[in-house]
Structures are given as C-alpha cells and as structure tokens.
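To start, the structure under review is shown below, and the notes come after it.
Number of protein chains: 2
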Amino acid sequence: MPTIDATHAPTLRSWVESANGHRDFPIQNLPLGVFSRGDERPRGGIAIGDMILDLAALAGSGLVEGAALDAARAASADSLNPLLALGAGPRAALRRRVSALLTEGGAEQAGAGRSEVEPLLVPMAEATLHLPARIGDYTDFYVGIHHATNIGTLFRPDNPLLPNYKHVPIGYHGRASTVRPSGAPVIRPQGQTKAPDAEAPSFGPIKRLDYELELGVWMGTGNALGQPIPIGEALDHVAGLTLLNDWSARDVQAWEYQPLGPFLSKNFLTTVSPWLVTMEALAPFRIAQPPRPEGDPRPLPYLWDEADQAGGALSLELEVFLSTAKMRAAGIAPVRLSHGPAANMYWTVAQMVAHHASNGCEMNTGDLLGTGTISGPDDGTQGSLMEITRSGRQPITLPTGETRTFLEDGDELALAGRFVTDGAVSIGFGGCTGTVQG
Amino acid sequence: MPTIDATHAPTLRSWVESANGHRDFPIQNLPLGVFSRGDERPRGGIAIGDMILDLAALAGSGLVEGAALDAARAASADSLNPLLALGAGPRAALRRRVSALLTEGGAEQAGAGRSEVEPLLVPMAEATLHLPARIGDYTDFYVGIHHATNIGTLFRPDNPLLPNYKHVPIGYHGRASTVRPSGAPVIRPQGQTKAPDAEAPSFGPIKRLDYELELGVWMGTGNALGQPIPIGEALDHVAGLTLLNDWSARDVQAWEYQPLGPFLSKNFLTTVSPWLVTMEALAPFRIAQPPRPEGDPRPLPYLWDEADQAGGALSLELEVFLSTAKMRAAGIAPVRLSHGPAANMYWTVAQMVAHHASNGCEMNTGDLLGTGTISGPDDGTQGSLMEITRSGRQPITLPTGETRTFLEDGDELALAGRFVTDGAVSIGFGGCTGTVQG
Numbered sequence: 003m004p005t006i007d008a009t010h011a012p013t014l015r016s017w018v019e020s021a022n023g024h025r026d027f028p029i030q031n032l033p034l035g036v037f038s039r040g041d042e043r044p045r046g047g048i049a050i051g052d053m054i055l056d057l058a059a060l061a062g063s064g065l066v067e068g069a070a071l072d073a074a075r076a077a078s079a080d081s082l083n084p085l086l087a088l089g090a091g092p093r094a095a096l097r098r099r100v101s102a103l104l105t106e107g108g109a110e111q112a113g114a115g116r117s118e119v120e121p122l123l124v125p126m127a128e129a130t131l132h133l134p135a136r137i138g139d140y141t142d143f144y145v146g147i148h149h150a151t152n153i154g155t156l157f158r159p160d161n162p163l164l165p166n167y168k169h170v171p172i173g174y175h176g177r178a179s180t181v182r183p184s185g186a187p188v189i190r191p192q193g194q195t196k197a198p199d200a201e202a203p204s205f206g207p208i209k210r211l212d213y214e215l216e217l218g219v220w221m222g223t224g225n226a227l228g229q230p231i232p233i234g235e236a237l238d239h240v241a242g243l244t245l246l247n248d249w250s251a252r253d254v255q256a257w258e259y260q261p262l263g264p265f266l267s268k269n270f271l272t273t274v275s276p277w278l279v280t281m282e283a284l285a286p287f288r289i290a291q292p293p294r295p296e297g298d299p300r301p302l303p304y305l306w307d308e309a310d311q312a313g314g315a316l317s318l319e320l321e322v323f324l325s326t327a328k329m330r331a332a333g334i335a336p337v338r339l340s341h342g343p344a345a346n347m348y349w350t351v352a353q354m355v356a357h358h359a360s361n362g363c364e365m366n367t368g369d370l371l372g373t374g375t376i377s378g379p380d381d382g383t384q385g386s387l388m389e390i391t392r393s394g395r396q397p398i399t400l401p402t403g404e405t406r407t408f409l410e411d412g413d414e415l416a417l418a419g420r421f422v423t424d425g426a427v428s429i430g431f432g433g434c435t436g437t438v439q440g
Numbered sequence: 003m004p005t006i007d008a009t010h011a012p013t014l015r016s017w018v019e020s021a022n023g024h025r026d027f028p029i030q031n032l033p034l035g036v037f038s039r040g041d042e043r044p045r046g047g048i049a050i051g052d053m054i055l056d057l058a059a060l061a062g063s064g065l066v067e068g069a070a071l072d073a074a075r076a077a078s079a080d081s082l083n084p085l086l087a088l089g090a091g092p093r094a095a096l097r098r099r100v101s102a103l104l105t106e107g108g109a110e111q112a113g114a115g116r117s118e119v120e121p122l123l124v125p126m127a128e129a130t131l132h133l134p135a136r137i138g139d140y141t142d143f144y145v146g147i148h149h150a151t152n153i154g155t156l157f158r159p160d161n162p163l164l165p166n167y168k169h170v171p172i173g174y175h176g177r178a179s180t181v182r183p184s185g186a187p188v189i190r191p192q193g194q195t196k197a198p199d200a201e202a203p204s205f206g207p208i209k210r211l212d213y214e215l216e217l218g219v220w221m222g223t224g225n226a227l228g229q230p231i232p233i234g235e236a237l238d239h240v241a242g243l244t245l246l247n248d249w250s251a252r253d254v255q256a257w258e259y260q261p262l263g264p265f266l267s268k269n270f271l272t273t274v275s276p277w278l279v280t281m282e283a284l285a286p287f288r289i290a291q292p293p294r295p296e297g298d299p300r301p302l303p304y305l306w307d308e309a310d311q312a313g314g315a316l317s318l319e320l321e322v323f324l325s326t327a328k329m330r331a332a333g334i335a336p337v338r339l340s341h342g343p344a345a346n347m348y349w350t351v352a353q354m355v356a357h358h359a360s361n362g363c364e365m366n367t368g369d370l371l372g373t374g375t376i377s378g379p380d381d382g383t384q385g386s387l388m389e390i391t392r393s394g395r396q397p398i399t400l401p402t403g404e405t406r407t408f409l410e411d412g413d414e415l416a417l418a419g420r421f422v423t424d425g426a427v428s429i430g431f432g433g434c435t436g437t438v439q440g
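As they're listed, the protein sequences go chains V and F.
The opening residue of the first sequence carries number 3 in my numbering; numbering runs sequentially from there.
The opening residue of the second sequence carries number 3 in my numbering; numbering runs sequentially from there.
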C-alpha cells in the first residue's frame, strides 16, 4: 500500500509558482498524462501548476537515474502503457525524484540547478492533452448504490435494487474505441427509440442525452488468463484514478437494454480527465470504507479484505457543473448540478478489480474501469440528470430562465473532483468537460 | 460486393496436392491467418491444403507487384491489421495473384515457376496459429432468433422474445483480452453463483459450463467517431468471417446478468478459428436472406437494404462435436451435438455493422463481432447445451454410457462450418476447438 511520505508534506512548495495553491496540481499531486505541442509527437508528462514537466526530455536530461530513469524512459512513448506496466516501484521512484527537482530549493539539494529543470517545462496552455493510455478493454461497474436505487426505482419501481446487488459488484463491458480526453465534442447520436405509448420504434437524433458522474480506474499491471487477482493484491495492479463521464442516451437505453444490457446508449462517447492521479498521490486521502448497513450481507471471502475495508474509500468531493450557450453568452457562471462524496460507493476499487479477475479474466496494462455513477441519497447529490429530473418529469430551472430535463445542444457539462482531508494539501484531476453538438 | 470470378472456378486445381478435395482449404478458399514456426516471428499466411503460404516471404520474393505486393507487405507483420486496413481492393488483388501462383500449371502462366513458389510454403503441421488480428473491441450480437427464443423460454417462460427483438439487432460489448485461437485450453472458471433455492450465493468452480456456436465477423476498415456506416456500405467494412465459440458459465450468468447483461459468465474465454475466410472467398455462398415471417415488422430504413436482403445470408452448414476423455480413450469418434444452417440469423452481418455504427460509434480494423448463438427451431439444431438439455433438465447420453448436462473436465468441443452450394467447391474455416481443464 502506498505510504504517506515527504512528497505529501503540506509544507512542500514548488519553485513553479503557479503550483502553490493550485486547485488541482500542487506539487503534492504530480499526476501523469500524455501531451503534445504543435506538431511534436505525444509523450508523457507530469502536471505541475499550469506547466507540464516533459518526461521524454527528463529522460534525456541526465537529471534522473535508476528506477526513476527507467520510468521516465518508459513515459517517453505516445502512451503511458510502458510506464504503467512497470508497476508501483518505478512510478513511485519517478514521483520522488520529480518532487525533489520541483521543490523550492530542492533542485539544488537534489544535485540539479533549477536552471537545468526549467527547460523541461511546457506551458499547459500550449499543449494538447491526449488519453494517458492506450486502452485495451473498458469495463463499467455500478458501485454507486444510491444511483442503482434511484435508477432502479425509475426503470423497475417495484424492484429497484435487484437481489444480486449486495453480493456482486455488478459490471458490464463498455466500448474502448470511443473513450476520449476532456474537451472532445459530444456529438448528439442518432438512435432507435420507442416511447412507451408509441406503436412502433423510430430512428433519429436522441432526445434524452444524459451524463454520468463516475471515477475511472487505470490498470497498471495485469494478470495472465486463468490467474485471478486476490483482493489483497488488487490495488497493486492499479496505477491511478481519473474522472469519467459515461454519456448516456436514456431513450435508447430504455428500448435496447433488455436482455443483454446497455449498448448503443452508452458507446457513442466516454470522456475522461486526461490526468491520471496516481495511487501514490492519493495515499493521504484513503479512508475506511463506510460500514455496510445493518442487515446487509457480508461479502464472500474473495471480495473481503480487512486492509481494503480500512483504507479502500476515498476522501474525495465530486461536483458536476452545467452551463448553457445562453448562460455563457450572458456571462453567467456554470450552475452546480450535484455535489457529494465519492464514499457513496458500495464496493471498493479493490473489490471491483478482484471480482473482475475472479474468473481468470485477463486484465491488461491500460485497461480502464468505470465505477458507475456516484450519487448520494439526497437531492443535490445525484450524478445524472435522469435522477435529478426524475426521468424528465421534474425539469430544473437555470438562472437564464431556461429549463432542462436532459442536455440540449450547446450545453457544456463539467465534472470536477477534489481530494480533501485534514493535514494534507488538496489535489484534483483537472478538467473533464464536454459540449453538446447537434 | 465481391463477385464470383476465376478464383472460384470449380475446375481450378492446385499443384499443392493436399488442397484438391481438402475439406476446408481448397484453392477456392485461400483464407488469411497469422502463423509462426519454432522461434520465428509470427507473420501472415494463406492456407492451401495442409500447407501455409508465407506472405512475408511472398512479399520479398519478387513474385508479386502492385496492389498485391502492397497487401503481402502489409501481411508481413505479426497481425493482419495492416492488411485488413487496406480494404477489399488490395486483399482481392492478393487473392487473385496467389490463386494464379498456386494453380496447377498456373505458376508458369503467371510468370513464375512452381519451383519459385514452393519454398514459400510451410507445412501447417509445423506451424503455430495465432489470432489473425489484434482486436480493438469485441461485440457479441444475438441474431439467432431461435436461440433467443429458446433461451428466453428458459429464463423468462412467460416472455421469451422481448418486444425489441424484431426491431433492434440486440448486441452487447464483450471482452477483447480473452479471445484466443482454436486449441486454447478452457480453464474452468470460478464464479459467484446462487442456486434458486439457495439462501445465499457461494463462490467456487462453476458447474454449468456451456459453449455457444457462433460466427465471428472481422472488421476490415473502420469509421470515424460520429460517422455512421450506411447499411449499403456496411459489408465494404467487413474483411471476412470466422467460427466463434462464446464459452459461457450459465450458473454465473443467471445470477449476475440483471440489470446490465452478461459479464464474468462470458469473459473468461472466447475461441475463434484462426483462419479468416475473406468476403471474396465466400462470394459464391451468399444467398437471399429468408423473408421475415408474415406479420413481423419491416426494419427501420437505417437497417434495410434491398441488395443486402438479396445476398445477405450464407449458404453455410454449421456443426458441433463433443468428445469426452473416456470416448477418446476408447477410440470412439466425437458425437455431433448439433447441425444446422447459418441462415437461422434474423439479422444480417450488414445489419449488425450498420446498427453498431448507427450512433457514430467508432469501429476499427480488427474489431471482432460475434453473431450470437445460431440455433435452429428443432432438436438437433440448437447451438448450446443450455438449449439441448433444457437448462440441464434433460441430460444427453453418449456412446460410452456417460451423460452430460453441461461440459465436464476433459471434454473436447469442436465447431465446424462448411460453405456449400451448387456449382461451387465447398470451403471451410478449419478447427475451432477447446478442451476443458479443471
């Protein structure tokens, strides 16, 4: 398990001034991504304030050695897969070295003048951010129990939470080819739908376009086919987390999802924040998984690990913001649609991984797992419009007087996440946004 | 649409003697695959009788030029993706040239002595066959209407075929990482199951291990995100077909599949035949899609194309064989579990592709689509044990006196497919087998 060390010290400041007090990327974070500038080839980088440390340049700088150099070299390709495949050791060594090089007064202590490190920095404003990894397979879970209950109530009022929910970390396979980094346009898909009172289905632009607030899990090291991952080792296979928006066409979903689950209602786009917050960075924010409510079944042994229960939840605040074209034109700030803790997950990340591999399913470096929508039990905490508007029956009203049941063309939707805990400097993911195009 | 040309002539014979009268690989077939021998690197090949034509060697031989040379060069890598990405033109040019080079008396006519071609042949018995392509995403459909009805009857006796079935080519995302070529061991997975009368679920080796007889579709060229593929162009994006066994854990499936569909019950292994039968090779076997039964709805326009209806089905006989360890020890031939035509598909391959991309979902070279289980309406034609044994209630008896409800350790299951039509030489896929290991 990653430990809290000097790289997390709240007193740590960077000579990269924009990092100090930065909402997402203070020196305590150091998330990994892939960037390019102009026609340059994409390569790995680390976010620090409003700058990116170029890992390909770092690998060639002579400023790193040993495991950290191995990691920087592996991060010089156009995806982080080679780095993620190295596992936690080299990734942590790189973190420690980069932290030292970027610390105020630390570059010199680390045997490198700040003047040697500064040329390795690229302004984030000049960079294009890519997907951090080449995704093998993408799986979406359903661990937000309040979401499952809320949605279940809408689809199956008599039977909201199915009998398997508290025993099985329910998940299904998603589409890897349509995962995009923050900022990718949300092209309103066409689809086959049938209103409950319609005689026959029809095909055209979908009407009930929704978002889903999720976390994404990037797999570091995989397992061989036929070799399950024990729950006690599950987090060793995880590289880090991201924000994830599972855009959804609710009208398509309602018509297509029986009996094999969501398909075209979900696979037209999935947006992730391009920065991978490493397991090392989020170590201070790991908290105990909330105890299961009285009467809930104890998970089967393959899903149960005391250490995971002790530190498997996250002290992480999640938010969703909406701004319409009209709001932006009028200079009105985005409206917050929801706000809640990520602790509303019934299953931990380790339980998701252990369950996924429990039948010997081969997991690979760069695989992406979504948590499923993270909602709370109360109004203001739900992670989708489907829940907020009660399937479109209760529109919300915006400051412009506009109303919304689902997303309309021109709407910009942004997810945000912020790790917060006493005694640690808060860190975040950066943006995870998309604007709807008709 | 591929046309019937000289490469299909029934009179065509090869100087590779084993090809003439070969069950699967006469000169009229020329399927594509990836092979290696010993420590040599994997590269593309074409099956001819019991030999493989080495496409990397062909590319360097001086015996091909133009588009056929481009294709052979693209097939020199360790996956066929570069070749498949070239589309039908270069693939067909390679087919024509290889056909000429391998035809009895044809090598000389084609300006190349047989003695120049012979060194490019590798005995299949000495080769390891790999997956033909690097799979991006794997999707499984559900187009076998009799299977859907049979399974629906078992899971939902009152509601076997759901209202969307005749309007929507139902499909769901599968797991790309666990697709393997014929011969890969079928490791009996562990899983969480709950018998209907059990108080609580349990975890252990699954008991109801089944197969599913399917066809696989290899995508050639893809589409850009947000750009649907019109049905009239859908087959231009398809490279060819394969046999596919969607191994299934029925006890896991029954407990996990609501509400998001099959997951661990399906993703522990999918086996494909390693030879890709090209759209060019199967041109003589394209037949009219059977008319929809009276009263069935006409598909929406995005799924309807007259040319597809005229030639969208296949004259293809499918079979499944089982042999137990005891049968093999006693020298007893495998028992045929099912036999039926592939025309039992309610939706065509073109309809599957057009539906998949209708929402703008990005499809890529090397994507794999399964048809779903192809069953007929009658006993002896069902493509899974779930159907044959009525969910285990009606065991089958084997020549050894053994009985089976589902697969047991040591059982070997083999799929076979044979394109048959008047006036054409029959072709096949080669093997698609797996043996269960406990």
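The beta carbon of each residue, even a glycine, is placed where N, CA and C say it ideally should be.
Predicted, not measured: the structure shown is a model, and the values here were computed from it.
Roughly how many angstroms separate the alpha carbons of residue i and residue j, rounded to a whole number?
i, j, result
"residue 37 of chain V", "residue 350 of chain V", "30 Å"
"residue 228 of chain V", "residue 280 of chain F", "32 Å"
"residue 309 of chain F", "residue 206 of chain V", "23 Å"
"residue 291 of chain V", "residue 380 of chain V", "20 Å"
"residue 141 of chain V", "residue 250 of chain V", "15 Å"
"residue 264 of chain V", "residue 100 of chain V", "42 Å"
"residue 299 of chain F", "residue 202 of chain V", "9 Å"
"residue 183 of chain V", "residue 340 of chain V", "22 Å"
"residue 288 of chain F", "residue 60 of chain F", "30 Å"
"residue 71 of chain F", "residue 114 of chain F", "15 Å"
"residue 132 of chain V", "residue 43 of chain V", "11 Å"
"residue 329 of chain V", "residue 236 of chain F", "42 Å"
Could you pull out every residue in the same chain whose Cβ sits closer than 6 Å to the Cβ of residue i, ignoring the five residues on either side in sequence?
i, result
"residue 58 of chain F", "45, 78"
"residue 365 of chain V", "221, 224, 225, 359"
"residue 432 of chain F", "26, 275, 277"
"residue 408 of chain F", "210, 211, 212, 387"
"residue 253 of chain F", "195, 208, 209, 210"
Quick one: give me the first and last residue of the beta strand (DSSP E) that residue i is part of.
i, result
"residue 395 of chain F", "Run containing residue 395 of chain F: none; DSSP gives neither H nor E here."
"residue 318 of chain F", "318–325"
"residue 78 of chain F", "Here residue 78 of chain F belongs to no beta strand (DSSP E), and DSSP marks it neither H nor E."
"residue 340 of chain V", "337–343"
"residue 83 of chain V", "From DSSP, residue 83 of chain V is part of no beta strand (DSSP E) but of the alpha helix (DSSP H) over 83–86."
Would you please state the rounded distance, in angstroms, between the beta carbons of residue i and residue j? I believe it to be under 8 Å.
i, j, result
"residue 245 of chain F", "residue 417 of chain F", "5 Å"
"residue 233 of chain F", "residue 352 of chain F", "6 Å"
"residue 134 of chain V", "residue 35 of chain V", "5 Å"
Near residue i, which residues of its chain fall below 7 Å by C-beta distance, leaving aside the five closest residues on each side in sequence?
i, result
"residue 367 of chain V", "83, 86, 87, 221, 222, 223, 224"
"residue 150 of chain F", "144, 163, 167"
"residue 286 of chain F", "6, 10, 423, 426"
"residue 428 of chain F", "420, 421, 422"
"residue 21 of chain V", "27, 28, 29, 50, 51"
Does any heavy atom of the ligand MG sit closer than 6 Å to the C-beta of residue i?
i, result
"residue 282 of chain V", "Here there are no bound small molecules, and the ligand MG is not part of this structure."
What are the start and end residues of the alpha helix (DSSP H) that includes residue i?
i, result
"residue 118 of chain F", "116–119"
"residue 356 of chain F", "351–358"
"residue 153 of chain F", "147–157"
"residue 258 of chain V", "252–258"
"residue 300 of chain V", "That residue, residue 300 of chain V, is in no alpha helix (DSSP H); it is neither H nor E in DSSP."
Spatial neighbours of residue i within its chain, please: C-beta separation below 8 Å, excluding the five flanking residues on both sides.
i, result
"residue 255 of chain V", "264, 267, 268"
"residue 2 of chain V", "Examination of residue 2 of chain V is not possible in this model, given that chain V is present from 3 through 440 alone."
"residue 178 of chain V", "137, 138, 139, 140, 370"
Hey, does residue i have any beta-carbon neighbour from chain C nearer than 7 Å?
i, result
"residue 175 of chain V", "The displayed structure is made up of protein chains V and F, and chain C is not among them."
For this session: For the stretch 400–407 of chain V and the stretch 167–177 of chain V, state whether three or more C-beta atom pairs, one from each stretch, are separated by less than 8 Å.
Result: No: fewer than three Cβ pairs fall under 8 Å.
Exercise. Per the contact definition of three or more C-beta pairs closer than 8 Å, is the stretch 357–364 of chain F in contact with the stretch 123–134 of chain F?
Worked result: no
Exercise. Hey, is the stretch 184–191 of chain V in contact with the stretch 52–66 of chain V, meaning 3+ C-beta pairs nearer than 8 Å?
Worked result: no
Problem set entry | Stretch-stretch touch, CB-based, cutoff 8 Å, three pairs: the stretch 10–17 of chain F with the stretch 104–118 of chain F | yes
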